[in-house]
Amino acid sequence: MSEAGADREKLDQTPNQAADQAADQSSGGDLQSLASSITAMASPFRNYLNDLHEKYRSVDEGTVADYIPELAEANPGWFGICVVTTDGQLFDVGDCDQLFTIQSMSKALTYGMALEDHGREYVNSKVSNEPTGEAFNSIVLDEETNRPYNPMVNAGAIATTDLIKGKDGTARLKRMLSMFERYTGRSHDICMPVFLSEKSSGFRNRAIAYLMLNFGMVSDRIDETLDLYFQQCSILVNAKDIAMISATLANGGVNPATQVRALDEHYVQDVISVMLSCGMYDASGDWAYRVGIPAKSGVGGGILATVPGKLGIGTFSPPLDVKGNSVRGIKVCEDLSKDFGLHLFNVASPEHNLQDWLSGNTDIDHW
Amino acid sequence: MPKVISIHSYRGGTGKSNFTANIAATIALQGKRVGVVDTDVPSPGIHNLFCLEPEQTTHTLNSYLWGEISIEEAAYDVSRNIGLSDDAGGRLYLVPSSVKADSIARILRDGYDVRLMNDGFRKLVKSLQLDYLFIDTHPGLSKETFLSIAISHVLILILRPDKQDYQGTAVTMDVAKQLKVRKLLLAINKVYGQLNPDALKQKVEETYGEKVAGVFPLSEEVVQLASEGVFCVRYPEHPISQTFRQVAAQIDQG
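Protein chains in written order, with our numbering: chain A, 1 to 367; chain B, 1001 to 1254.
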């Protein structure tokens, strides 16, 4: 009999048996995890982010921060957008592996740690929660209580950093770094040139610290606390880290990828609400009204934006507007808020349904 | 709305590239704007069918994946090579992979960001205003195949009537389900003379619970044309060409 003939003999059982054997061997976990990462790569939501990246890549407004030389070296063309959902799906486009210093975005996290270390009442007695309407580095304290206005401006951030517990500078830094690691899921380095530059030229921050010492709002370990403050601002992150931090806050303080708790659930509301009222420097009021996503920016070019219960956004693009917020980052947050109805108080049906775009289940014409 | 169709098989030698070339040409000849991307980076070949010589192709998918060019620059208009006149509505574009050993080695050694494939496909569809994009894949399962399956509106799996293909197709279908493929069609190729095509079709459909879009004979005529030229352009009235038109119609259904 010919080979073909032999095959024909077998045909009655072959397709069934062969298919069954293969099905028996298919297991769940690994296939599912690879499939989900591939689905994220091809999801309509990622394509949406890609289009946003394309749309705003050519924007050439804003200037790169140059108050220390290390920041001025940033390439104004760098542009990354990352979104992490509260169930751990990650979408990134553009320069999302490029490291930069976290700068003021660290203030939100340090505030959370200070709350864990001392409780709300004590922390509130040292730092108020009022927007200033002044520039981030202004030297103003509340006239009646002598407290800095809020933990998102330099004065308030130095006061919260002062509250971080630890027997010495090294112990406090290590606690802080391990906190960042719980948020992002990976360990972080400090950019030494940026830290040393900030330290050697931070006269204004030093002045703020001594003013607060004068009013008894900070302890007398000024140099140690300022070092810690400059170190926290010099932590190296990328846009994915920022999105993961945002998503951790959005997920009630638990990192959605590692399931590690980064922040006591009682203080998640404190951190997010201060971001909403004070996070975007003196553009915060307008931001809360128009965009409605609690956010914190940094002069390194990052914006961390948290949509509670849904997702975290991390953007990176160094050119800043006059208020110190990343120009492209603002535009990205504005579009996301509008198109997916992410404004905290939005009740109208958005143009795009977030779940549909994330899952890609429906036939969305993203081609 | 543009349609993206991946042509895949678990094993090599099933006739993927031939199938892709024929189905793409069939649709282009019906007046549609069609693109074909050869993502079989380790062993490219479909350019031969469209008579595109490697010397002419200075820009390839490889150069796009390395960030040297935009993907449109690697798209060659091969409409004339399938007998489409310039004023015909239909167009056929091919994005070839490089056949240079050096380029293949580089991509195998360094890899590439698979997401660029996705972004490139979208860009291509938009800038060339394509109605259909066909993705000719490397056999077996890899990140690239996963991606092309995930982004496709239609996945066509080609199998031959033998045990290895049956088993491999079942595995691929598991993957496709996990990737939430929207529409799946099977095509049986190289069916030798003694088999009854209708019975085979029924049997395969029962086994996999998916539709068989076409059954193609093991054809000497196709083999003769080998990898030079597209069969259904040369012999439009041949039964095989008619089967391709049936498959084309099923791509559009539902």
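Every residue, glycine too, gets a C-beta built ideally from N, C-alpha and C.
Quantities reported herein were computed from a predicted structural model and do not represent experimental measurements.
Check: Is there a C-beta anywhere in chain A that falls below 8 Å from the one on residue 1230 of chain B?; Outcome: no
Check: Along the segment 37–71 of chain A, where does the CB come closer than 7 Å to a CB of chain B? Name the residues.; Outcome: 38, 39, 41, 42, 47, 50
Check: What residues in the segment 210–239 of chain A have a beta carbon less than 8 Å from any beta carbon of chain B?; Outcome: none
Check: Excluding the 5 residues flanking residue 29 of chain A on each side, which residues of the same chain have their C-beta closer than 8 Å to its C-beta?; Outcome: none
Check: So which residues on chain B does residue 34 of chain A lean against when the C-beta distance must stay under 7 Å?; Outcome: 1146
Check: Tell me whether residue 174 of chain A is buried or exposed, calling it buried when 16 or more other Cβ atoms sit within 10 Å of its Cβ.; Outcome: exposed
Check: Between which two residues does the beta strand (DSSP E) holding residue 1038 of chain B run?; Outcome: 1033–1038
Check: Would you call residue 1180 of chain B buried or exposed, if buried means 16 or more other Cβ atoms sit within 10 Å of its Cβ?; Outcome: exposed
Check: Contact check, residue 1131 of chain B vs residue 1036 of chain B under 8 Å by CB: the rounded distance?; Outcome: Wrong, their Cβ atoms sit about 13 Å apart, outside the cutoff.
Check: Output the distance between the C-alpha atoms of residue 122 of chain A and residue 116 of chain A, rounded to the nearest integer angstrom.; Outcome: 11 Å
Check: Are the segment 325–339 of chain A and the segment 304–316 of chain A touching by the rule of at least three beta carbon pairs closer than 8 Å?; Outcome: yes
Check: Can you tell me the Cβ-Cβ gap for residue 1153 of chain B and residue 1039 of chain B, rounded? I've got them flagged as a contact below 8 Å.; Outcome: Actually they are not in contact, since the Cβ atoms of residue 1153 of chain B and residue 1039 of chain B sit about 16 Å apart, beyond 8 Å.
Check: Could you tell me whether any Cβ in chain A is nearer than 8 Å to the Cβ of residue 1179 of chain B?; Outcome: yes
Check: CB-CB under 6 Å to residue 1103 of chain B, same chain, minus the five flanking residues each way: which ones, in chain order?; Outcome: 1062
Check: Could you say which of A/287, A/229, A/268, A/285 lies nearest to residue 103 of chain A if we only look at CA atoms?; Outcome: A/229
Check: Could you tell me whether the Cβ atoms of residue 1155 of chain B and residue 1117 of chain B are closer together than 8 Å?; Outcome: no
Check: Given that residue 1078 of chain B touches chain A, what residues does it touch there, using C-beta distances under 7 Å?; Outcome: Near residue 1078 of chain B there are no residues of chain A at all, since even the closest Cβ is about 22 Å away, more than 7 Å.
Check: Step through the CB atoms of chain B and report whether any lies within less than 8 Å of the CB of residue 31 of chain A.; Outcome: yes
Check: Could you have a look at residue 312 of chain A and say whether DSSP puts it in helix, strand or coil?; Outcome: strand
Check: Counting only beta-carbon atoms, is residue 1119 of chain B nearer than 8 Å to chain A?; Outcome: yes
Check: What number of angstroms, rounded off, separates the C-alpha of residue 90 of chain A from the C-alpha of residue 1144 of chain B?; Outcome: 19 Å
Check: So does the segment 1154–1169 of chain B actually touch the segment 343–352 of chain A, counting three or more Cβ pairs closer than 8 Å?; Outcome: no
Check: Under a three-way DSSP split, which group does residue 1256 of chain B fall into?; Outcome: It is not possible to answer for residue 1256 of chain B, since the shown part of chain B is limited to 1001 through 1254.
Check: With distances taken Cα to Cα, identify the nearest neighbour of residue 143 of chain A among A/194, A/211, A/35.; Outcome: A/211
Check: Considering only residues of the same chain and omitting the five flanking positions on each side of residue 40 of chain A, which have a CB-CB separation below 7 Å?; Outcome: 46, 89, 90, 91
Check: Please return the same chain residues whose Cβ sits closer than 6 Å to the Cβ of residue 56 of chain A, not counting the five positions on each side in sequence.; Outcome: 328, 331
Check: Could you have a look at residue 1023 of chain B and say whether DSSP puts it in helix, strand or coil?; Outcome: helix
Check: If I measure Cβ to Cβ from residue 282 of chain A and keep anything under 8 Å in the same chain, skipping five residues before and after, which residues do I get?; Outcome: 131, 132, 133, 134, 135, 136, 323
Check: Quick one: Cα of residue 4 of chain A to Cα of residue 1192 of chain B, how far?; Outcome: With a pLDDT of 43 at residue 4 of chain A, under the threshold of 50, the modelled position of that residue is not reliable, and no figure is offered here.
Check: Along the chain, where does the alpha helix (DSSP H) that runs through residue 160 of chain A open and close?; Outcome: 154–162
Check: Please tell me whether, using a cut-off of 7 Å, the distance from the CB of residue 1115 of chain B to the nearest non-hydrogen atom of the ligand MN is below it.; Outcome: This structure simply doesn't include the ligand MN, nor any ligand for that matter.
Check: Can you list, in chain order, the residues of its chain with a C-beta nearer than 8 Å to that of residue 1002 of chain B? Leave out the 5 residues immediately preceding and following it.; Outcome: 1125, 1130, 1131, 1132, 1133
Check: Below 8 Å on the Cβ atoms is my guess for residue 253 of chain A versus residue 105 of chain A; work out the distance and round it to an integer in Å.; Outcome: Actually they are not in contact, since the Cβ atoms of residue 253 of chain A and residue 105 of chain A sit about 17 Å apart, beyond 8 Å.
Check: How long is the line joining the alpha carbons of residue 36 of chain A and residue 138 of chain A, rounded to whole angstroms?; Outcome: 47 Å
Check: Leaving aside the five residues before and after residue 80 of chain A along the sequence, list all residues of the same chain whose C-beta is less than 6 Å from its C-beta, in chain order.; Outcome: 94, 95, 96, 239, 316
Check: Taking Cβ-Cβ distances shorter than 9 Å, what residues in chain A pair up with residue 1011 of chain B?; Outcome: By Cβ distance, chain A contributes nothing, its closest Cβ being about 13 Å from residue 1011 of chain B, past 9 Å.
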